[in-house]
Amino acid sequence: MGRTVTPYSRQIQQVESNLLEFRRGLRKQDQEVFDELIRNSKLQVQAGVMGSSPYPIDSMLLSMTIQLKKEVMELQKEIRNLKGQPSA
Numbered sequence: 007m008g009r010t011v012t013p014y015s016r017q018i019q020q021v022e023s024n025l026l027e028f029r030r031g032l033r034k035q036d037q038e039v040f041d042e043l044i045r046n047s048k049l050q051v052q053a054g055v056m057g058s059s060p061y062p063i064d065s066m067l068l069s070m071t072i073q074l075k076k077e078v079m080e081l082q083k084e085i086r087n088l089k090g091q092p093s094a
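Just add 6 to wherever you are in the sequence shown, counting from 1, and you've got the working numbering.
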């Protein structure tokens, strides 16, 4: 018997392919942001496999959100560190 479930990495590719027209409609700078978000979603492939949602876009969006939140937290930490330093 063959596979009954499409591999998660293939599902991500399908979602990305389905969004190509959307991407083309974006401005150039927004296309770059879109591409970065897609790359972010691929950082958490293992979590997507474990989650085995019937809708891969759900886990992709969560992965993107997690990565963005991590970046915000890092920037907030940097700001706190800079505020704690005396002015030069």
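Idealized CB from N, CA, C, for every residue including glycine.
- Item | Cα-Cα separation between Asn-24 and Lys-89, rounded to whole angstroms | If you number the sequence shown from 1, residue 24 lands on position 18. If you number the sequence shown from 1, residue 89 lands on position 83. Answer to the nearest angstrom: the Cα atoms are 45 Å apart.
- Kindly list the residues whose CB is nearer than 6 Å to the CB of Ser-47, restricted to its own chain and excluding five residues on each side of it in sequence; keep chain order. The residue you call residue 47 lines up with position 41 of the sequence shown. So the list reads Met-66, Ser-69 and Met-70, once near-sequence residues are dropped.
- With DSSP collapsed to three states, give me the class of Ser-23. The residue you call residue 23 lines up with position 17 of the sequence shown. Of the three classes helix, strand and coil, the one that applies to Ser-23 here is helix, per DSSP.
- Message: With a threshold of 7 Å on Cβ separation, who are the neighbours of Gln-82 within its own chain once the five nearest residues in sequence on each side are excluded?
- Response: Taking the sequence shown and counting its residues from 1, the one referred to as residue 82 is at position 76. Contacts found: none.
- Message: Only counting the same chain, and skipping five residues up and downstream in sequence, which positions put a Cβ closer than 8 Å to that of Glu-22?
- Response: One-based indexing of the sequence shown puts residue 22 at position 16. Same-chain partners within the cutoff: Ile-44.
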